[in-house]
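**Student:** So that we are looking at the same thing, I have put the structure below in structure tokens.
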Amino acid sequence: MSRPRVDAEPRVREPDDLEVRFGDPRTTGPFDYASIVADDEARRVSTAAEALLDEWGAAADFVPAALGGRWVSTEELVHRWRPVFRRDPSLGLGHGVATLTAATHVWIAGDPAQQAAVAARLLRGERIAAGLDELDRGDLEHVACTAALDGDRWLVSGVKQVVDNADRAESMLILARTGSGSGPRSHSLLLWDRDAVAAPHVDTARRVLTGGTRGRRLGAAEFRELPVPVGRTVGPPGTGVPTARIASQVTRAVLPALAVATVDSSLELAVRYAGERSLYGGSVLDLPQSRALLAGAIADFLLADAFSSVVVRGLHVAPEDCLVPTAASGYLVPQLLSSAMQDLSVLFGSTFYARVEPYDVFEKFLRDVAVLSIGHDGTDACLRTIAAGLDGWLDSSRGIAAADRAWFRLGAPLGPLAFDRLGLDAGPGDVLGAALRDPGVRAALGTNGQHLAVLDRLADAFDAARDELDLVVARAPEPSTDTAEWAVPLHRLTLLLAAGAFAGVCAEREGDPITADPLVREACLRRVEDRLAGRAGSLEPELVERLVAYAVDRTDRGIRLTISTRDDARDPAPKEGDVR
Amino acid sequence: MSTADHAVLDEAPTVRAARRVVREFERHLGDPRDAASVIPVDRSVGLDERREFPADAIAAVDELGLQRWYVPEAHGGELRDFLVPMLMIRSIARRDLTVAVAHGVTFLGAVGAWITGGPIARTMAELVLDGGPVSWGLTERGRGSDLSNTATTASIGGHVVLDGEKWPINNATRGRAMTVLARSSDQPGPRSLSLVLVDKRRVDAATLTTLPKVATHGTRGADISGLAMRRAVVDPEMLVGEPGHGLETVLKSLQLTRPLTTPLSVGAADHAIGVALEFAVTSPAVGGPPARRPSTRSTLGTAVADGLLAEAVMVAAAREMHHATHEMALVSSLAKFLVPNTVDLLVREIAPFLGERSQLLGVAGAGGFQKVARDNRVVGIFDGNSMVNLNMIVNEFGTIARPDDPVDASLVVASMRHDAAPDGWLDPGRLRLVTRRGSRLLRALPGLVDLLGPRESARPARRIASELDRVVDLAAGAPRAAMPSARSFELAERIALCFGASCAIAVELGGPDAAGAASEARLRAMLDRIAVRLGVLDAASASASASLLGDLALEATRDGRRLSVLEGWEAAP
Amino acid sequence: MNTDASTIEAWLEGRVVAYGKVDIGSFTPETPLAELGLDSVYALTLCGDIEDRFDLEVDPTIVWDHPTIRSLAHGIAGRLAAAA
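Residue numbers (UniProt numbering), protein chains in the order written: chain C, 1 to 580; chain A, 1 to 573; chain F, 1 to 84.
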């Protein structure tokens with residue numbers, strides 16, 4: 001392995017950029033778009049890419065540095081994994097997020113011995129599957145898989161219908177009912193190692209197929225009195241559901257930020273297609289409607305990028321405040337990204353439907369992004385989380401006047417993630433909403449430009465949304481997203497938090513031409529306004545032109561459109577003499 | 001000629017016969033959950049996964065003789081009322097959209113001959129009645145929707161000699177014949193294209209090569225491929241219409257084929273909504289069955305309202321083909337934009353309710369939804385995509401905004417009546433490339449609102465009507481441009497939504513129980529939903545009517561029924 | 001209303017100039033309409049104008065079949081005569 005050994009140095013050395021290892025997907029190579037499309041059709045992921053990831057020591061990214069891994073800043077982790085999501089979300093989910101999700105539970109609730117054991121397994125390149133939710137159960141509290149105590153072991157029985165790597169993960173984290181009562185205290189998390197015991201107590205032979213991310217190895221896991229030692233219980237018995245809810249904050253933050261990369265690639269493809277494809281005597285990009293579609297997608301994309309990146313940083317800056325922001329990102333960002341992909345698919349027209357090289361991978365990305373917004377921890381679950389914490393959140397939101405701008409300083413160094421500070425309360429502060437009125441943010445956004453007026457209106461809308469939610473809470477003290485009375489104002493709230501995150505990022509991004517541009521700021525904030533009003537119509541021509549100009553220019557120069565990217569090169573060639 | 005000339009017949013024997021045909025067709029197709037039925041959903045999902053053509057289902061539909069309804073009575077077929085084949089295509093589409101497209105495309109390929117008439121119509125009729133699939137050879141590689149750029153050539157002399165490639169074309173490989181648009185003159189301009197029927201049995205096979213199947217997003221099993229012609233010699237009597245008149249015939253054909261594609265989306269909506277309702281009443285999920293949760297009722301109700309709107313537009317478009325033939329240039333584009341667009345929206349919005357089920361296949365009865373979600377995209381893509389149709393509407397801004405030509409709304413309603421059949425086959429001579437006064441349905445909106453009287457549904461209807469006023473004023477002032485602005489496209493979209501409101505009101509008022517509570521519940525939810533989409537009503541205000549409709553839909557599901565704006569149409573004796 | 005071909009021709013020239021794509025004097029009645037910036041969208045406008053002016057229902061195909069001002073004027077005159 002060429003990867004440098006992790007030694008006594010406190011800071012783990014940055015590994016190679018996967019972008020370099022994978023190479024330009026548009027040119028022929030082992031992990032190019034053509035092979036990705038072919039693998040997707042054949043329902044597999046690239047073996048070449050999996051080998052590259054293994055060699056790169058991928059699983060070390062999910063092990064905290066204190067336990068010998070590479071995970072310090074989650075923001076860095078997201079940047080390291082985005083090259084995977086720029087190419088194949090199936091690989092990213094199966095090889096990455098699935099293990100990250102399961103392992104996070106152990107870092108949150110496991111005892112030191114369990115943590116050391118899991119870290120050792122991951123550093124050997126093993127996987128852990130997450131056998132948490134069950135099909136049609138809707139909520140973790142209703143998981144039906146049971147574990148009965150039998151001396152010093154649990155006997156697990158039941159089915160997890162949809163599990164990544166069910167048939168090949170060396171371990172699986174299983175959420176099982178261990179108490180008889182109802183409610184959140186009746187389940188426990190159990191860690192099963194396949195090498196300890198398997199058949200006939202476990203059947204993982206059945207594969208499960210999906211319409212998007214076709215290459216994922218999803219399978220069912222069926223347990224028949226599977227023995228798991230009591231010592232392999234992660235956290236005290238009965239704490240399975242709360243632990244899972246805490247852990248889901250990490251996934252809800254990370255997954256949307258990774259999905260941004262898939263849309264990033266899609267935008268690049270769309271710009272190339274629209275510039276090359278001729279129609280009615282010009283190119284597709286000459287048509288005003290095409291430009292408007294593209295601009296709308298870019299505005300949604302920039303909002304999604306800013307919002308998801310800020311929330312990822314929030315995990316480190318103020319873990320105790322993350323319940324609502326992570327749920328809001330998990331709810332809204334997939335919607336923004338899906339909407340962008342929908343607009344781009346209209347732009348592609350028949351070239352998206354009847355797959356045509358070299359744009360055929362867009363069709364796959366469209367299906368894949370749809371999956372990301374559906375996942376087991378889907379939009380409904382995120383809204384329920386916000387609703388449950390709303391009462392306290394409204395109070396703390398009003399108690400804060402200035403935003404801690406460390407949230408918005410994308411790329412600024414972050415210390416290790418304090419898993420023990422993540423909680424299930426709304427937390428003491430609402431930085432994202434505060435950013436809408438924060439004088440510091442405001443001052444940094446300049447004194448001229450329509451974007452300031454839009455920001456004022458959004459700040460007013462935020463006040464109104466909080467007042468409306470007060471009334472909703474007062475009318476129906478039981479938190480619920482079951483009626484439009486809750487769902488509609490909560491939807492608006494998430495949009496306004498996204499606007500706050502975007503404004504905060506703009507205020508902190510010196511030297512970035514896109515976020516510094518008043519027209520770009522106005523375009524993105526207006527997009528939020530339009531969505532608040534229930535319509536996503538076309539932006540003003542002036543705003544359309546500016547957004548499209550950036551996208552075309554960046555595509556021409558091979559620079560990514562993400563505002564959260566530090567290293568801007570799209571296909572960085574290794575510099576001479578730069579031997580790692 | 002005014003609409004009054006097409007007086008609506010009283011309940012005629014032909015209407016009863018038509019209902020019987022549709023009902024019998026649906027009955028023959030059977031329950032798709034039954035593996036022994038004609039188009040079982042599990043088989044469809046499997047074929048789709050393997051990209052295999054649904055040959056058995058197509059053979060069964062041929063056996064049922066659907067193609068006879070593609071041929072006008074005058075040419076020996078059964079086609080009188082367009083709604084009849086449309087409803088049969090919908091019946092197929094609600095089971096498997098791939099099958100519906102693969103069969104229905106023959107109508108698209110054939111319709112040019114019904115428009116031009118002459119001996120070619122007889123040739124075409126024989127071909128279709130014989131069960132020969134006919135494909136519609138318009139598009140070429142790299143040229144998108146731009147037909148004037150057609151590069152395939154037809155040199156017309158003692159023979160017609162064809163050179164070029166048509167791609168991607170539905171049924172290009174399995175089709176027996178293809179109606180080909182080709183350049184017959186070097187002169188620039190729209191009179192340089194001709195339509196030629198290429199019957200593979202009457203052309204030297206050595207001059208024809210089929211092109212490989214294209215991998216598609218949805219309808220994965222469909223034969224979407226191409227045909228290359230290398231000096232293929234065709235008899236001049238196979239010309240469809242006069243030489244040089246190909247583009248005109250195509251543009252008129254599209255006015256009929258675009259409405260004919262709407263049942264594909266309506267069937268897709270039937271399927272998607274059916275999956276969601278079934279899930280709601282059977283799943284043991286959180287806090288009791290989802291059906292009991294309030295958000296479920298409004299989520300489902302909104303989807304049902306979208307489905308009903310798509311259905312109402314389909315029915316209205318079918319009626320207008322007969323009653324307002326001269327307005328089909330606009331009506332066909334309004335319907336072709338609005339119906340697939342609405343159903344795509346419905347599918348995207350209902351997916352989170354189904355959660356992982358919306359993506360899974362082969363597990364616990366799931367699979368149909370992920371297929372239909374992809375399949376429906378084809379309807380908004382082929383035969384003129386959404387941008388093409390919106391552009392057509394933009395081009396009609398001038399006629400839409402012309403000073404009022406008063407419309408008697410009750411006459412419009414009369415022509416939508418369920419117990420009325422159109423007075424015979426439409427007169428292709430009345431098709432125009434541009435309308436004189438837009439669409440009577442649009443113009444009738446204020447009058448239709450008045451007919452609602454004190455009904456609750458009049459409230460959203462009035463908001464929509466005043467929005468139409470505003471939008472038409474803006475459209476009148478929009479600059480004329482070969483490449484319209486995004487703002488113009490947005491106005492076109494809003495006009496289409498208002499058109500949807502007209503269709504919903506007219507079709508509901510034309511129903512057998514127009515004053516009944518069920519009709520009012522459907523109409524209210526449809527109009528509230530349109531008002532929300534127009535931004536003239538906030539989503540929370542629409543949730544009451546959506547919840548009520550959701551309740552009705554759940555109740556119907558438990559009784560094995562489906563809500564429909566055609567309630568009573570099929571069931572009547 | 002005078003509906004002879006030369007009057008119609010003059011009226012058509014006026015319309016084409018009014019659409020603002022060409023200057024007066026830069027074309028003749030025999031110049032193809034397509035070269036006068038009269039794309040398919042303006043053909044629709046022209047049809048509407050013909051209809052308003054002569055109370056004559058025409059489809060854009062009239063421009064396809066009569067691709068110059070002179071030919072179009074004759075086409076209109078012919079239809080008016082037939083309708084009279």
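We put the CB at the ideal spot given by N, CA and C, even for glycine.
Strictly below 7 Å CB to CB, what residues from chain F border A/Pro188?
**Tutor:** On the second sequence, position 188 is the one that residue 188 of chain A refers to. Under the 7 Å cutoff, chain F gives Ala34.
**Student:** Please state the DSSP three-state secondary structure of A/Glu242.
**Tutor:** The residue labelled residue 242 of chain A in the question sits at position 242 within the second sequence. DSSP places A/Glu242 in coil when its eight states are reduced to three.
**Student:** Considering only DSSP beta bridges, list what A/Asn170 is partnered with.
**Tutor:** On the second sequence, residue 170 of chain A is found 170 positions in, with the first residue counted as 1. A/Ile224, per the DSSP bridge assignment.
**Student:** Three or more beta-carbon pairs under 8 Å between the segment 91 to 98 of chain A and the segment 135 to 148 of chain A, yes or no?
**Tutor:** No, because fewer than three Cβ pairs between the segment 91 to 98 of chain A and the segment 135 to 148 of chain A fall closer than 8 Å, the two stretches do not touch.
**Student:** Tell me which residues share the same chain as C/Tyr331 and place their Cβ nearer than 7 Å to its Cβ, disregarding the 5 neighbours each side in the sequence.
**Tutor:** Residue numbering aside, residue 331 of chain C sits at position 331 when the first sequence is read from its first letter. Within the same chain, C/Tyr331 has close Cβ partners Thr379, Cys382, Leu383, Thr494.
**Student:** Do you know offhand how far A/Gly144's Cα is from C/Ser266's?
**Tutor:** Within the second sequence, numbered from 1, the residue matching residue 144 of chain A stands at position 144. Within the first sequence, numbered from 1, the residue matching residue 266 of chain C stands at position 266. Near 20 Å, if we compare the C-alpha coordinates of C/Ser266 and A/Gly144.
**Student:** In chain order, what residues of the same chain have a beta carbon less than 7 Å from the beta carbon of C/Pro10, not counting five sequence neighbours either side?
**Tutor:** Counting from one through the first sequence, the residue named residue 10 of chain C turns up at place 10. Caution applies to C/Pro10, whose pLDDT of 38 falls short of 50 and renders its modelled position unreliable; the model cannot decide the point.
**Student:** Ordered along the chain, which non-local residues of its own chain (more than five positions away) have a Cβ less than 7 Å from that of C/Thr555?
**Tutor:** As a position in the first sequence, residue 555 of chain C is number 555, starting the count at 1. The residues are Glu268, Val271, Arg272.
**Student:** Would you list the residues sitting across from F/Glu35 in a DSSP beta bridge?
**Tutor:** Within the third sequence, residue 35 of chain F is the residue found at index 35, counting from 1. Answer by DSSP bridge pairing: none, since F/Glu35 is not bridged.
**Student:** Give me the Cα-Cα distance between F/Trp11 and A/Pro446, rounded to the nearest whole angstrom.
**Tutor:** Position 11 of the third sequence, counting from 1, holds the residue named residue 11 of chain F. Position 446 of the second sequence, counting from 1, holds the residue named residue 446 of chain A. Approximately 37 Å, taken between the alpha carbons.
**Student:** Tell me whether C/Phe31 sits in a helix, a strand or coil according to DSSP, three-state version.
**Tutor:** By one-based count along the first sequence, residue 31 of chain C stands at place 31. The answer is coil: DSSP assigns C/Phe31 none of H, G, I, E or B.
**Student:** Leaving aside the five residues before and after F/Ser6 along the sequence, list all residues of the same chain whose C-beta is less than 8 Å from its C-beta, in chain order.
**Tutor:** Stepping through the third sequence from its first residue, residue 6 of chain F is reached at position 6. Counting only Cβ-Cβ distances below 8 Å, and skipping sequence neighbours, we find Ala73.
**Student:** Is it a yes or a no for the segment 557 to 564 of chain A touching the segment 292 to 312 of chain A, going by three-plus beta-carbon pairs under 8 Å?
**Tutor:** Contact between the segment 557 to 564 of chain A and the segment 292 to 312 of chain A is present, because at least three Cβ pairs lie under 8 Å.
**Student:** For A/Pro422, which residues from the same chain have a beta carbon less than 6 Å from its beta carbon, with the 5 sequence-adjacent residues on both sides left out?
**Tutor:** In the second sequence, residue 422 of chain A corresponds to position 422, counting from 1. Asp81, His322, listed in sequence order.
**Student:** In chain A, which residues lie with their C-beta within 9 Å of the C-beta of C/Val346?
**Tutor:** By 1-based counting over the first sequence, the position of residue 346 of chain C is 346. By Cβ distance, chain A contributes Gly380, Asn385, Ser386, Met387.
**Student:** Please list the residues of the segment 218 to 242 of chain A that have a C-beta atom closer than 8 Å to any C-beta atom in chain C, keeping them in chain order.
**Tutor:** Flagged, chain order: Gly218, Ile224.
**Student:** Considering only their Cβ atoms, is the gap separating C/Val84 from C/Ala295 smaller than 8 Å?
**Tutor:** Within the first sequence, numbered from 1, the residue matching residue 295 of chain C stands at position 295. Within the first sequence, numbered from 1, the residue matching residue 84 of chain C stands at position 84. No, the pair does not count as a contact, with Cβ atoms beyond the cut-off.
**Student:** Give the secondary structure of residue 585 of chain C by DSSP, where H, G and I count as helix, E and B as strand, and everything else as coil.
**Tutor:** No statement about residue 585 of chain C is possible, as the shown extent of chain C runs from 1 to 580 and does not include it.
**Student:** Locate the alpha helix (DSSP H) running through C/Pro334, then write down its first and last residues.
**Tutor:** Here residue 334 of chain C refers to the residue found at position 334 of the first sequence. Segment 323 to 348, the alpha helix (DSSP H) holding C/Pro334.
**Student:** Quick check: the segment 380 to 393 of chain A against the segment 29 to 41 of chain A, are there 3 or more CB pairs under 8 Å?
**Tutor:** Because the criterion of three Cβ pairs below 8 Å is not met, the segment 380 to 393 of chain A and the segment 29 to 41 of chain A do not touch.
**Student:** Give the residues from the segment 93 to 112 of chain A that approach chain C closer than 8 Å (Cβ to any Cβ), ordered along the chain.
**Tutor:** Within the segment 93 to 112 of chain A, no residue qualifies.
**Student:** Give me whichever residues DSSP pairs with A/Ser135 in a beta bridge.
**Tutor:** Your numbering for residue 135 of chain A matches position 135 in the second sequence. Answer by DSSP bridge pairing, in chain order: A/Met178.
**Student:** Which chain A residues are close to F/Thr45, counting only those with a beta carbon under 9 Å from its beta carbon?
**Tutor:** Here residue 45 of chain F refers to the residue found at position 45 when the third sequence is read from its first residue. By Cβ distance, chain A contributes Gly398, Arg480.
**Student:** Who are the neighbours of A/Arg436 on chain F, taking C-beta pairs under 8 Å?
**Tutor:** Here the question's residue 436 of chain A lines up with position 436 in the second sequence. What A/Arg436 touches in chain F: Glu51, Glu57.
**Student:** Below 8 Å, how does it come out for the segment 484 to 493 of chain A and the segment 521 to 541 of chain C: are there three or more Cβ pairs, yes or no?
**Tutor:** The answer is yes - the segment 521 to 541 of chain C touches the segment 484 to 493 of chain A, with three or more Cβ pairs under 8 Å.
**Student:** Pull up the distance between the alpha-carbon of F/Ala83 and that of A/Thr399, whole angstroms please.
**Tutor:** Residue 83 of chain F sits at position 83 when you count from the first residue of the third sequence. Residue 399 of chain A sits at position 399 when you count from the first residue of the second sequence. About 23 Å.
**Student:** Mind reading off the beta-carbon distance from A/Val111 to A/Ser253? Whole number of angstroms is fine, and I expect it under 8 Å.
**Tutor:** As a working mapping, residue 111 of chain A is identified with position 111 in the second sequence. As a working mapping, residue 253 of chain A is identified with position 253 in the second sequence. With 8 Å as the limit, A/Val111 and A/Ser253 qualify as a contact, their Cβ atoms being about 5 Å apart.
**Student:** With a cut-off of 8 Å on the beta carbons, I'd call C/Ala412 and C/Ala403 a contact; round off their distance for me.
**Tutor:** For the purposes of this step, residue 412 of chain C is identified with residue 412 of the first sequence, where counting begins at 1. For the purposes of this step, residue 403 of chain C is identified with residue 403 of the first sequence, where counting begins at 1. Going by Cβ atoms, the distance from C/Ala412 to C/Ala403 rounds to 15 Å, so no, they are not a contact pair.
**Student:** Mind listing the chain F neighbours of A/Glu248? Cutoff is C-beta to C-beta under 7 Å, in chain order.
**Tutor:** Reading the second sequence from its first residue, position 248 is the one you call residue 248 of chain A. Correct list: Thr61.
**Student:** Closer than 7 Å by beta-carbon distance: list the chain B residues that pair up with A/Pro352, in chain order.
**Tutor:** Although the question refers to chain B, the structure presented lacks it and instead comprises the protein chains C, A and F.
**Student:** Inspect the beta-carbon positions of A/Leu433 and F/Asp52 and report whether they are closer than 8 Å.
**Tutor:** Against the second sequence, residue 433 of chain A aligns to sequence position 433. Against the third sequence, residue 52 of chain F aligns to sequence position 52. Contact: no.
**Student:** May I have the straight-line CA-CA distance separating A/Phe25 from A/Leu129, to the nearest angstrom?
**Tutor:** By one-based count along the second sequence, residue 25 of chain A stands at place 25. By one-based count along the second sequence, residue 129 of chain A stands at place 129. Cα to Cα, the separation comes out at about 18 Å.
**Student:** Which runs of the alpha helix (DSSP H) fall wholly inside the segment 505 to 562 of chain C and span at least 4 residues, in chain order?
**Tutor:** For the segment 505 to 562 of chain C, whole alpha helix (DSSP H) runs of length 4 or above, ordered along the chain, are 513 to 516, 518 to 532, 541 to 557.
**Student:** What does C/Pro64 pair with, by DSSP beta-bridge criteria?
**Tutor:** Residue 64 of chain C sits at position 64 when you count from the first residue of the first sequence. The partner list for C/Pro64 (beta bridge, DSSP) reads C/Trp71.
**Student:** With 8 Å set as the bound, which would you pick, yes or no: does the beta-carbon of C/Arg252 sit closer than that to a beta-carbon of chain A?
**Tutor:** For the purposes of this step, residue 252 of chain C is taken as residue 252 along the first sequence, with counting starting at 1. So no, C/Arg252 is outside the interface.
**Student:** What are the residues in the segment 548 to 568 of chain C lying within 8 Å of chain A by C-beta distance?
**Tutor:** Answer in chain order: no residues at all.
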